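Engineer: Below is a structure I'd like to ask you about.
Numbering (our numbering), first residue to last: 3 to 279.
Below you can see the structure in the form of structure tokens.
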């Protein structure tokens with residue numbers, strides 16, 4: 003507990019946590035606005051159709067809309083960029099020690115390196131929980147108000163909605179752990195943060211495009227394999243209902259847990275053996 007408190011002290015005495023919090027809040031607002039607008043277009047196609055009015059398939063889609071899935075999507079708004087910040091926070095927890103050359107002092111004070119890494123992993127996970135709390139605290143009231151304006155209940159008693167929110171919490175925790183492992187592999191703070199951000203944002207869209215091209219060539223069945231990408235596994239894991247052409251939620255959860263376990267284990271083993279003098 004002393005190690006965990008010391009890691010929290012290191013985090014609180016820098017500006018990273020509140021800058022990240024502002025970033026999460028701003029990007030959540032953009033994501034929530036996009037989700038609500040997209041949902042509104044889906045529910046009111048007549049307002050966005052041409053002079054001939056909505057087509058038959060659009061009317062049928064509105065009649066068969068799944069509000070449980072909509073509520074799950076609204077209540078997990080901001081996940082994509084929130085997970086990015088959770089990962090970056092985990093990266094900073096370890097790379098800042100390399101940058102400011104304080105890791106030697108840390109290990110001299112606590113020779114059991116595994117305990118130090120365990121404390122950092124715990125704080126990384128808690129940092130992810132904090133970002134989840136911010137996004138959920140904003141998403142649930144906002145989503146409930148939007149659903150109420152559409153004549154719907156908040157659906158907060160639905161099992162699928164609660165499961166989506168709970169699995170979203172798990173995703174934030176795991177991405178914090180994943181970030182710490184990534185930071186161990188690339189010791190440069192700038193190098194690690196830039197590389198992680200580029201791989202996360204650009205890599206996710208690039209892989210999605212690649213699988214879309216493969217699906218057009220080989221068939222829709224191949225889309226289910228894009229779940230091997232961590233960010234897509236997160237989306238599959240928190241989907242209120244199974245996404246089209248994708249495996250069930252538990253597959254995404256298993257893959258993401260696997261990445262976090264591997265990243266945490268590799269990070270621990272490297273730090274236990276690495277010469278940091």
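We put the beta carbon where it would ideally sit given N, CA and C, even for glycine.
Every value quoted in this text rests on a predicted model; they were computed, and no experiment measured them.
So, do the stretch 91-108 and the stretch 9-20 have three or more beta carbon pairs nearer to each other than 8 Å?
Structural biologist: Judged by Cβ distances under 8 Å, the stretch 91-108 makes contact with the stretch 9-20, as three or more pairs qualify.
Engineer: Give the list of continuous alpha helix (DSSP H) stretches no shorter than 4 residues that lie fully inside the stretch 225-257.
Structural biologist: Those alpha helix (DSSP H) runs which fall completely within the stretch 225-257 and span 4+ residues are 232-240.
Engineer: Distance check for residue 127 and residue 67, CA to CA, integer angstroms please.
Structural biologist: Their Cα atoms are separated by approximately 35 Å.
Engineer: With a threshold of 8 Å, are at least 3 pairs of Cβ atoms found where one atom belongs to the stretch 144-151 and the other to the stretch 96-109?
Structural biologist: Because the criterion of three Cβ pairs below 8 Å is not met, the stretch 144-151 and the stretch 96-109 do not touch.
Engineer: Exposed or buried, residue 49, counting other C-beta atoms within 10 Å across all chains shown (16 or more means buried)?
Structural biologist: It counts as exposed.
Engineer: For residue 159 and residue 11, what's the separation of their Cα atoms in angstroms?
Structural biologist: Going by the C-alpha atoms only, they are around 38 Å apart.
Engineer: Assuming residue 272 and residue 186 make a contact with CB atoms under 8 Å, what is their CB distance in whole Å?
Structural biologist: Confirmed, about 5 Å.
Engineer: Can you give me the start and stop residues for the alpha helix (DSSP H) that residue 139 sits inside?
Structural biologist: Here the alpha helix (DSSP H) through residue 139 covers 115-151.
Engineer: Are any of the Cβ atoms in chain B nearer than 9 Å to that of residue 93?
Structural biologist: Among the protein chains of the structure shown there is no chain B, as only one such chain exists.
Engineer: Return the residue from the list 73, 114, 193, 86 that minimises the CA-CA distance to residue 176.
Structural biologist: The candidate whose alpha carbon is nearest that of residue 176 is 86.
Engineer: Between residue 268 and the rest of its own chain, which residues show a CB-CB distance below 8 Å, the 5 nearest in sequence each way excluded?
Structural biologist: Around residue 268: 183, 186, 187.
Engineer: Looking at the secondary structure, which residues open and close the alpha helix (DSSP H) in which residue 204 lies?
Structural biologist: From DSSP, the alpha helix (DSSP H) with residue 204 extends over 191-220.
Engineer: What separation, rounded to the nearest whole angstrom, lies between the Cα atoms of residue 240 and residue 266?
Structural biologist: Between residue 240 and residue 266, the C-alpha separation is close to 22 Å.
Engineer: Measure from the alpha carbon of residue 230 to the alpha carbon of each residue in 252, 120, 220, then state which is nearest.
Structural biologist: When only C-alpha atoms are compared, the closest one is 252.
Engineer: For the alpha helix (DSSP H) that contains residue 173, what are its first and last residues?
Structural biologist: Taken as a continuous stretch (DSSP letters only), the alpha helix (DSSP H) holding residue 173 covers 161-187.
Engineer: Near residue 73, which residues of its chain fall below 6 Å by C-beta distance, leaving aside the five closest residues on each side in sequence?
Structural biologist: Here the set comprises 157, 163.
Engineer: To the nearest angstrom, how far is it from the Cα of residue 224 to the Cα of residue 214?
Structural biologist: Their backbone Cα atoms lie some 9 Å apart in a straight line.
Engineer: Would you kindly work out how many angstroms separate the C-alpha atoms of residue 71 and residue 103, rounded to a whole number?
Structural biologist: Distance between the alpha carbons of residue 71 and residue 103: 48 Å.
Engineer: Which residue from 8, 25, 30 puts its Cα closest to that of residue 145?
Structural biologist: That would be 30, whose Cα lies nearest to the Cα of residue 145.
Engineer: Quick one: is residue 242 buried, meaning 16 or more other Cβ sit within 10 Å of its Cβ, or exposed?
Structural biologist: Confidence in residue 242 is poor, its pLDDT being 49 and thus under 50, which makes the residue's placement too unreliable to answer from.
Engineer: Could you check where the alpha helix (DSSP H) with residue 44 kicks off and where it finishes?
Structural biologist: Per DSSP, residue 44 belongs to the alpha helix (DSSP H) from 18-45.
Engineer: I need the straight-line Cα distance from residue 202 to residue 233, nearest angstrom please.
Structural biologist: Distance between the alpha carbons of residue 202 and residue 233 is about 7 Å.
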